[in-house]
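Undergrad: The opening position of the sequence shown corresponds to residue 1 in the UniProt record's numbering, with each subsequent residue numbered one higher.
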Amino acid sequence: MQAANPPFDWWTHQTWEGRGEGWGVGVVWRSGLNRFSIVRMSSDPARPRFGANYVPSAGWFYSWLDYDGAAVRRDFADLAGLGLDHVRVFPIWPWIQPNRAIIRDRAIEDLLDTIDAAAEHGLSVAVDLIQGHLSSFDFLPSWVLTWHKASLFADPAVRDGLTSYVDGVSRAVASKPNVFAITLGNEVNNLWPDSSTSFESSTSWAQDLLATAKKAAPGVLALHSVFDDAWYKDDHPFHPVDVVELGDLSTVHSWVFNGVSRVDGPLGPATLSHADYLVELAAATSLDPARPVWLQEIGVPGPDIPVELQAEFTRRTVELVLGNPALWGVTWWSSHDIDRRLLDFPDREYDLGLFTVDHQRKPAAQALADVIASCRSTGIERQPASTLTAPINLRTQPERRPEVAPGSEFHLQWVAARADGPVRIALP
Numbered sequence: 001m002q003a004a005n006p007p008f009d010w011w012t013h014q015t016w017e018g019r020g021e022g023w024g025v026g027v028v029w030r031s032g033l034n035r036f037s038i039v040r041m042s043s044d045p046a047r048p049r050f051g052a053n054y055v056p057s058a059g060w061f062y063s064w065l066d067y068d069g070a071a072v073r074r075d076f077a078d079l080a081g082l083g084l085d086h087v088r089v090f091p092i093w094p095w096i097q098p099n100r101a102i103i104r105d106r107a108i109e110d111l112l113d114t115i116d117a118a119a120e121h122g123l124s125v126a127v128d129l130i131q132g133h134l135s136s137f138d139f140l141p142s143w144v145l146t147w148h149k150a151s152l153f154a155d156p157a158v159r160d161g162l163t164s165y166v167d168g169v170s171r172a173v174a175s176k177p178n179v180f181a182i183t184l185g186n187e188v189n190n191l192w193p194d195s196s197t198s199f200e201s202s203t204s205w206a207q208d209l210l211a212t213a214k215k216a217a218p219g220v221l222a223l224h225s226v227f228d229d230a231w232y233k234d235d236h237p238f239h240p241v242d243v244v245e246l247g248d249l250s251t252v253h254s255w256v257f258n259g260v261s262r263v264d265g266p267l268g269p270a271t272l273s274h275a276d277y278l279v280e281l282a283a284a285t286s287l288d289p290a291r292p293v294w295l296q297e298i299g300v301p302g303p304d305i306p307v308e309l310q311a312e313f314t315r316r317t318v319e320l321v322l323g324n325p326a327l328w329g330v331t332w333w334s335s336h337d338i339d340r341r342l343l344d345f346p347d348r349e350y351d352l353g354l355f356t357v358d359h360q361r362k363p364a365a366q367a368l369a370d371v372i373a374s375c376r377s378t379g380i381e382r383q384p385a386s387t388l389t390a391p392i393n394l395r396t397q398p399e400r401r402p403e404v405a406p407g408s409e410f411h412l413q414w415v416a417a418r419a420d421g422p423v424r425i426a427l428p
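1) Along the chain, which unbroken stretches of the beta strand (DSSP E) at least 3 residues long are found entirely within the region 132-192?
2) Pick out whichever of 80, 300 and 137 has its Cα sitting closest to the Cα of residue 194.
3) Have a look at 146, 362 and 213 and flag the residue whose alpha-carbon is nearest the alpha-carbon of residue 164.
4) Once DSSP output is grouped into helix, strand and coil, what is the label at residue 44?
5) Do you know whose CA, among 380, 244 and 356, lies nearest residue 394's CA?
6) Are the CB atoms of residue 52 and residue 250 nearer to each other than 8 Å?
7) Select from 216, 303, 192 and 225 the residue whose C-alpha is nearest the C-alpha of residue 259.
8) According to DSSP, is residue 69 part of a helix, a strand, or is it coil?
9) How is the beta strand (DSSP E) around residue 239 delimited, first residue to last?
10) Report yes if the CB atom of residue 401 is closer than 8 Å to the CB atom of residue 208, and no otherwise.
11) Since residue 390 and residue 425 are thought to touch, with beta carbons under 8 Å apart, how far apart are those beta carbons, to the nearest angstrom?
12) Just to confirm my understanding: we take residue 57, look at its own chain, exclude 5 residues before and 5 after, and list those with CB closer than 6 Å. What are they?
13) For the candidate residues 169, 192 and 166, whose alpha-carbon lies nearest to that of residue 150?
14) Is it the case that the region 348-366 contacts the region 375-382, given that we only count it when at least three CB pairs across the two stretches are under 8 Å?
15) Measure how close the beta-carbons of residue 142 and residue 188 come, nearest whole angstrom, since I'm counting them as under 8 Å.
16) Compute every distance between the C-beta of residue 298 and the non-hydrogen atoms of the ligand HEM, then say whether any falls below 7 Å.
17) Enumerate, from N- to C-terminal direction, the unbroken alpha helix (DSSP H) stretches of 4 or more residues contained entirely within the region 305-388.
18) Please identify the residue among 267, 118 and 106 whose C-alpha is closest to the C-alpha of residue 312.
19) Out of 215, 287, 416 and 166, which has the shortest C-alpha to C-alpha gap to residue 271?
20) Sort 420, 410 and 421 by Cα distance to residue 428 and report the nearest one.
21) Please classify residue 386: is it buried, with 16 or more other beta-carbons within 10 angstroms of its beta-carbon, or exposed?
22) So, are the CB atoms of residue 320 and residue 293 less than 8 Å apart?
23) Name, in chain order, the residues that DSSP records as bridge partners for residue 425.
24) Out of 174, 178 and 378, which one is the CA nearest neighbour of residue 48?
25) For the alpha helix (DSSP H) containing residue 203, name the first residue and the last one.
26) One question on the structure: do residue 172 and residue 108 come within less than 8 Å of each other, judged by their Cβ atoms?
27) Which one or two residues does DSSP pair with residue 219 in a beta bridge?
28) Name the one or two DSSP bridge partners that residue 298 has.
29) What residue range is occupied by the uninterrupted beta strand (DSSP E) comprising residue 126?
30) Could you tell me if residue 26 is buried or exposed, where buried requires 16 or more neighbouring beta carbons within 10 angstroms of its beta carbon?
31) Hey, out of 219, 275, 239 and 269, whose CA is closest to residue 252's CA?
32) Could you give the first and the last residue of the continuous beta strand (DSSP E) run that contains residue 87?
33) Is the separation between the beta-carbon of residue 197 and that of residue 153 shorter than 8 Å?
34) Assuming residue 418 is part of the alpha helix (DSSP H), what are its boundary residues?
35) Would you mind working out which of 419, 184 and 200 sits nearest residue 129, comparing C-alpha positions?
36) What first and last residue would you give for the alpha helix (DSSP H) that runs through residue 117?
Following this line, the structure appears as structure tokens:
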């Protein structure tokens, strides 16, 4: 039996930076801590993590149905070549748990092989559990649909089934030393309104499942992931406080098709700084000034960011957010394009990859690789920051969230101030 990992200490950490060569220079090693570097990146010399959300180049996520470990390894070789240090992977919930009483061993074995493949290429792994929602498609087991229709968030039988799923998958992936995080699921708030919920139900759902994951996988970060309606929409039943209080660090997803690109165009200051703005909102809303914020998704969606501007957008938006002392890391969406022979995706989803389906490096990939190399070579220079007070308290006034949404008076004030340097957000 593997020894349990000790309680996590943000300030004592390990890292594995090689590609099979062993432990990197300057590593702090503590015997018994069998995990990759998990460290708050605001603590000197400011070396954030860089990774990609893994979208298989062959067959998208349908590839889980006919798993090909060699194809996965080819994809990971692409990513390692950019200097990335981690991937976020997405098993499909109903294909692992087709019945509430069944967890498929073969599906777990395929997931574990993916994790091993990442380790072979020097990549640590974050595993999202409940998919759930991916690129406009929802994957739900038959035992929550049609004749068995029930809310994922409010139904106690579904909660019991999910508890078994989270426990089983978390225990399995925790056996792999390169797994550093488990997220409950990808943007689970996209599963509302089809699954009814409320602030209370959403919070208790996440609390219970995070506790299950932590018990099953001690020493691995347990995280909660939602898209930005939780920050910006007045009637959204997922509270921004959940982002900054549930789980071991905060996660944000920056997508400029949410309206911000209409403020000033693909290379305008509002568009380029949106990732930094979201990180600031999360940092401001947390009561813990040391809580890290993971930019878990960011990409170059068309037509908001035209192809010819995607490299420049990538470089400039990542450079803007890297100086944020709250930032834990940047994880690009996505690793690979979607084959256009697959039908019915929104058009922007096909071309979000750093690589084409035939493994060609795209301009955004080269721009990201250049930023990574520069960051690791010279570090990050911190700049003095000003402070701007928000018109609302996101902790206590979620019904007023539109007042900090893209294009709001406060947002535009923040963008204008950001032109002169970093701007911290304070809540009243």
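Yeah, the Cβ is synthetic: ideal placement off N, Cα and C, and Gly gets one too.
TA: Working from what's here:
1) List check, beta strand (DSSP E) in window: 179-183.
2) Residue nearest to residue 194 within the set 80, 300 and 137 is 137 (criterion: CA-CA distance).
3) Cα-wise, what sits closest to residue 164 is 213.
4) Caution is warranted here: a pLDDT of 35 is assigned to residue 44, below 50, making its placement in the model unreliable, and the coordinate value is therefore given only provisionally. Collapsing the DSSP output to three states places residue 44 in coil.
5) Closest in alpha carbon position to residue 394, among 380, 244 and 356, is 244.
6) no
7) 303
8) helix
9) Where residue 239 is concerned, there is no enclosing beta strand (DSSP E), given that its DSSP letter is neither H nor E.
10) Contact annotation: residue 401 and residue 208 have beta-carbon atoms that are not nearer than 8 Å.
11) 6 Å
12) So the list reads 75, 336 and 357, once near-sequence residues are dropped.
13) Out of 169, 192 and 166, 192 has the C-alpha closest to the C-alpha of residue 150.
14) no
15) In fact, because the Cβ distance is near 19 Å, the residues do not count as touching under 8 Å.
16) The model depicted lacks the ligand HEM and carries no ligand whatsoever.
17) 310-322 and 363-378
18) Minimum Cα distance to residue 312 is reached at 267.
19) 416
20) 410
21) exposed
22) no
23) 388
24) 378
25) 199-216
26) For residue 172 and residue 108, yes; Cβs fall inside 8 Å.
27) According to DSSP, which records beta bridges pairwise, residue 219 is partnered with nothing at all.
28) 254 and 332
29) For residue 126, the uninterrupted beta strand (DSSP E) segment begins and ends at 124-128.
30) For residue 26, the predicted structure reports a pLDDT of 26, less than 50, and the residue's modelled location is therefore unreliable. A value from the coordinates is still provided. So residue 26 counts as exposed.
31) 275
32) Where residue 87 is concerned, the enclosing beta strand (DSSP E) stretches over 86-89.
33) yes
34) 409-418
35) 184
36) 105-120
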